[in-house]
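If you read the sequence shown in my numbering, its first letter stands for residue 940, the second for the next number, and so on.
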Amino acid sequence: MELGIKSIGKRIKIARINADMTQEHLSDLIELSPSHMSNIETGTAKVSLTTMVRFANALSVTVDDLLCDNLVHAKVQFEQDIQQLLDGCSKLEIRLVKDLIESTLNTLRRDANLRNN
940 MELGIKSIGK RIKIARINAD MTQEHLSDLI ELSPSHMSNI ETGTAKVSLT
990 TMVRFANALS VTVDDLLCDN LVHAKVQFEQ DIQQLLDGCS KLEIRLVKDL
1040 IESTLNTLRR DANLRNN
């Protein structure tokens, strides 16, 4: 299976920005040169497993989060993530989330039909 190094780099960049870190700060944390860090984020350099684990630890995410587009069983992981989000919700919050999901799906499917026609 060929991993999408561009999508992995994009996910690392998003996680870094969400963690409010600069490339330089993250590269220092995981002991990479800033130029190699930049190459990883732009998808021009591959990431070793060891470095992937360092990224995940430094960014407080899972390796699954960084590989998400490349996981064969990503749907199962997404379903587990959604369930974890719902576990702490009240009945009202769950109903509102359900309504939002239905509305979002209807819009996505309608837009997909418009693009296909």
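Ideal Cβ positions, reconstructed from N, Cα and C, are used throughout, including at glycine.
Straight-line spacing of the CA atoms in N1045 and L1053 works out to 12 Å.
Secondary structure at I969: coil, using DSSP grouped into helix, strand and coil.
Shown here, A954 sits in a helix according to DSSP, grouped into three states.
I979 and G948 do touch by the CB rule: their CB atoms are close to 5 Å apart, below 8 Å.
With contacts defined as CB atoms closer than 8 Å, I951 and F994 qualify as a contacting pair. Using a 10 angstroms sphere on the CB of L1024, the tally of other CB atoms stays under 16, which defines it as exposed. In the three-state reduction of the DSSP assignment, D1038 falls in the helix class, which pools H, G and I.
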